[in-house]
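*Asks:* The structure's right below; bear with me while I get my questions together.
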Amino acid sequence: MPKMTFIDRDGNRHDVDAPVGLSVLEIAHRNQLDLEGACEGSLACSTCHVVVDPEDYERLADASEDEEDMLDLAFGLTATSRLGCQIIMTEELDGLTVSLPTGSRNMMAG
């Protein structure tokens, strides 16, 4: 099974199993990591924003236009930012490393 690493807001590494077919958001939730996902992965917010390790970024499929639009709303956007709900784990992504930003902007909260 592929593995991936989350780096939390405090800089701690969490090496976890990353089942093929699950999104980074789903993998984070399975491992009780603090990645919000207010829209439950429906591409309607930017709360599952992650920063992909630059060495891994090129291995990802390109972001869709809809994902790019949501990323524009993300807090702390970087050149390797992606939405966790849009990164689907594959064997080829084994070893993927993502960092959780220090904050999020939840437009869904009233």
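Residue 1372 is where the sequence shown ends in my numbering, and the numbering goes up by one at each step.
Idealized CB from N, CA, C, for every residue including glycine.
(1) With a threshold of 7 Å on Cβ separation, who are the neighbours of residue 1287 within its own chain once the five nearest residues in sequence on each side are excluded?
(2) Which of helix, strand or coil does DSSP assign to residue 1314?
(3) Residue 1353 and residue 1321 look like a contact to me (Cβ under 8 Å); what is the Cβ gap, rounded to whole Å?
(4) My understanding is that residue 1289 touches residue 1278, with C-beta atoms under 8 Å, so please give their C-beta distance in whole angstroms.
(5) What residues are listed by DSSP as bridge partners for residue 1268?
*Replies:* Considering the structure as presented:
(1) Working through the sequence shown from its first residue, we reach residue 1287 at position 25. Within the same chain, residue 1287 has close Cβ partners 1297, 1299, 1303, 1310, 1346, 1347.
(2) Taking the first residue of the sequence shown as position 1, residue 1314 is located at position 52. Residue state for residue 1314 is assigned as strand, using DSSP reduced to three classes.
(3) Here the question's residue 1353 lines up with position 91 in the sequence shown. Here the question's residue 1321 lines up with position 59 in the sequence shown. Between residue 1321 and residue 1353 the Cβ distance is about 11 Å, and since that is not below 8 Å, they are no contact.
(4) Numbered from 1 along the sequence shown, position 27 holds the residue referred to as residue 1289. Numbered from 1 along the sequence shown, position 16 holds the residue referred to as residue 1278. 6 Å between Cβ atoms; contact.
(5) Taking the sequence shown and counting its residues from 1, the one referred to as residue 1268 is at position 6. Looking at the DSSP assignment, residue 1268 forms a beta bridge with 1276, 1360.
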